[in-house]
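Asks:
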Ligand SMILES: [Fe+2]
């Protein structure tokens, strides 16, 4: 399944007897990165990908058994048409001057790309070490248990693109209380929060199950809206995310000081179950 921003696909599902999360993939800058992953990290041999857009990939496994594919050379396709950009009038400025604003249909959100994925892992620190050492990810915000700054249990990791800006996180790691290894959620970027609020209403009309939203996370700053699919997977739309560069560093927080929603809704139990 493709989002509309130009990737050949963003999400692959296979029919099976029970729902199971297999893994995730990162696009690498050039073909040499595939060979380097084989030489340095014991990745599988390069394979030709039999999916839309072709390309070549190698596979690794993180410490939890998640398959992590590195892909290169997948053909992109033309981006689909977005909604006209929303110009928001406010007391500080009225840019939407002299026109009748066209209204959007109540419909599924237009999703532009896969932005990040959240994972339940038995050990945050062991998993973080692998993603830092093998993929070069950088922790943006990390939560520790009260009074023990070295006992870290949640983290939001971003790509290392040097001084180019990237999303606040591409991978979120949450240490599970029961040792569970699973996907927590998959998040796609919506055009803006007008699209998110309208998609929220649309999903309500279709009888889907809301998990949590609409709200705004404090770390990453993005507006979020989380729903379940019929297999109980959590899917999120997001917009208005923070963007950081390598030199922006890492922030460490006591988890008891963290509000998960700036707009102060409490995460329901079903967000973590
Ligand atoms: Fe998320």
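Numbering (full-length UniProt numbering), first residue to last: 1 to 273. By construction, the Cβ of each residue, glycine as well, lies at the ideal position given by its N, Cα and C atoms.
(1) With burial defined as no fewer than 16 other Cβ atoms inside 10 Å of the residue's Cβ, what is the status of residue 1: buried or exposed?
(2) For the alpha helix (DSSP H) that contains residue 134, what are its first and last residues?
(3) If you measure between the beta carbons of residue 253 and residue 143, is that distance less than 8 Å?
(4) In or out: residue 98 buried (at least 16 other Cβ within 10 Å) or exposed?
(5) Quick one: using the 10 Å Cβ neighbour count with 16 as the cut-off for buried, is residue 309 buried or exposed?
(6) Are the Cβ atoms of residue 183 and residue 117 separated by less than 8 Å?
(7) When burial is assigned at 16 or more other CB atoms within 10 Å of the CB, is residue 174 buried or exposed?
(8) Just the Cα atoms here: how many angstroms apart are residue 123 and residue 245?
(9) Tell me the start and end of each unbroken beta strand (DSSP E) in the UniProt domain "VOC" (113 to 240) that is at least 3 residues and wholly inside, in chain order.
(10) So residue 37 and residue 60 are in contact, right, with Cβ under 8 Å, and what is the actual spacing, rounded?
(11) What does DSSP give as the partner residues of residue 27 in its beta bridges?
(12) Could you pull the DSSP bridge partners for residue 252 from this structure?
(13) Quick one: measure Cβ to Cβ for residue 115 and residue 189, integer angstroms, because I've assumed they're closer than 8 Å.
(14) Kindly provide the chain-ordered list of residues whose Cβ lies closer than 5 Å to any non-hydrogen atom of ligand 1.
(15) Looking at the structure shown, is residue 243 part of a helix, part of a strand, or coil, going by DSSP?
(16) Skipping 5 residues on each side, what residues in its chain have a beta carbon closer than 7 Å to that of residue 196?
(17) Return the CA-CA distance between residue 76 and residue 47, expressed in angstroms with no decimal places.
(18) For the beta strand (DSSP E) that residue 57 lies in, which residues bound it at each end?
(19) Mapping the DSSP letters down to three states, classify residue 111 as helix, strand or coil.
(20) Leaving out the 5 sequence neighbours to the left and right, which residues in its chain are closer than 7 Å to residue 4 when beta-carbon positions are compared?
(21) Identify the residues that DSSP records as bridge partners of residue 90: which are they?
(22) With residue 185 and residue 140 assumed to form a contact (beta carbons below 8 Å), what rounded beta-carbon distance in angstroms separates them?
(23) Among residues of its own chain, excluding the 5 on either side of residue 194, which ones have a beta-carbon nearer than 6 Å to its beta-carbon?
Replies: The short version:
(1) Walking along the chain shown from the start, residue 1 turns up at place 1. Its Cβ having fewer than 16 others within 10 Å, residue 1 is exposed.
(2) Walking along the chain shown from the start, residue 134 turns up at place 134. 124 to 135 is the span of the alpha helix (DSSP H), which, as asked, contains residue 134.
(3) Taking the first residue of the chain shown as position 1, residue 253 is located at position 253. Taking the first residue of the chain shown as position 1, residue 143 is located at position 143. In this structure, residue 253 places its C-beta atom within 8 Å of the C-beta atom of residue 143.
(4) The count along the chain shown starts at 1 and reaches residue 98 at position 98. Exposed is the call here.
(5) Past the boundaries of the shown model lies residue 309; the chain is included only from 1 to 273, so the question cannot be answered.
(6) Translated into the one-based positions of the chain shown, residue 183 becomes position 183. Translated into the one-based positions of the chain shown, residue 117 becomes position 117. The answer is yes: Cβ separation under 8 Å.
(7) As a first step, residue 174 is located in the chain shown; it is residue number 174 there, counting from the start. That one is buried.
(8) For the purposes of this step, residue 123 is taken as the residue at position 123 of the chain shown. For the purposes of this step, residue 245 is taken as the residue at position 245 of the chain shown. Cα to Cα, residue 123 sits roughly 26 Å from residue 245.
(9) Counting only unbroken stretches of 3 or more residues, the beta strand (DSSP E) elements lying wholly within the UniProt domain "VOC" (113 to 240) are 138 to 145, 148 to 158, 171 to 175, 182 to 190, 209 to 216, 223 to 228 and 234 to 239, in sequence order.
(10) Along the chain shown, read from residue 1 onward, the residue named residue 37 stands at position 37. Along the chain shown, read from residue 1 onward, the residue named residue 60 stands at position 60. That belief holds up - the Cβ atoms of residue 37 and residue 60 are roughly 7 Å apart, short of 8 Å.
(11) Your numbering for residue 27 matches position 27 in the chain shown. Beta-bridge partners assigned by DSSP to residue 27: 71.
(12) On the chain shown, residue 252 is found 252 positions in, with the first residue counted as 1. According to DSSP, which records beta bridges pairwise, residue 252 is partnered with 142.
(13) Residue numbering aside, residue 115 sits at position 115 when the chain shown is read from its first letter. Residue numbering aside, residue 189 sits at position 189 when the chain shown is read from its first letter. Yes, residue 115 and residue 189 are in contact; Cβ-Cβ is about 5 Å, under 8 Å.
(14) So the residues near ligand 1 by this Cβ test are 187 and 236.
(15) Within the chain shown, numbered from 1, the residue matching residue 243 stands at position 243. Three-state result, residue 243: strand.
(16) The count along the chain shown starts at 1 and reaches residue 196 at position 196. Within the same chain, and ignoring the five residues on either side of residue 196 in sequence, the residues whose Cβ sits closer than 7 Å to its Cβ are 109, 190, 214, 223, 225, 237 and 239.
(17) Looking up residue 76 in the chain shown gives position 76. Looking up residue 47 in the chain shown gives position 47. Looking at the two C-alpha atoms, the distance is approximately 19 Å.
(18) Looking up residue 57 in the chain shown gives position 57. Per DSSP, residue 57 is one residue of the beta strand (DSSP E) stretching across 56 to 61.
(19) As a working mapping, residue 111 is identified with position 111 in the chain shown. DSSP places residue 111 in strand when its eight states are reduced to three.
(20) Taking the chain shown and counting its residues from 1, one reaches residue 4 at position 4. Closer than 7 Å at the Cβ level, and outside the excluded window around residue 4, lie 79, 80, 110, 111 and 112.
(21) What you label residue 90 is simply residue 90 of the chain shown in a count that begins at 1. Answer is 93, bridged to residue 90.
(22) Within the chain shown, residue 185 is the residue found at index 185, counting from 1. Within the chain shown, residue 140 is the residue found at index 140, counting from 1. With a contact defined as Cβ atoms closer than 8 Å, residue 185 and residue 140 miss out at about 17 Å.
(23) Here residue 194 refers to the residue found at position 194 when the chain shown is read from its first residue. Cβ neighbours of residue 194 within its own chain (closer than 6 Å, five residues either side excluded): 86.
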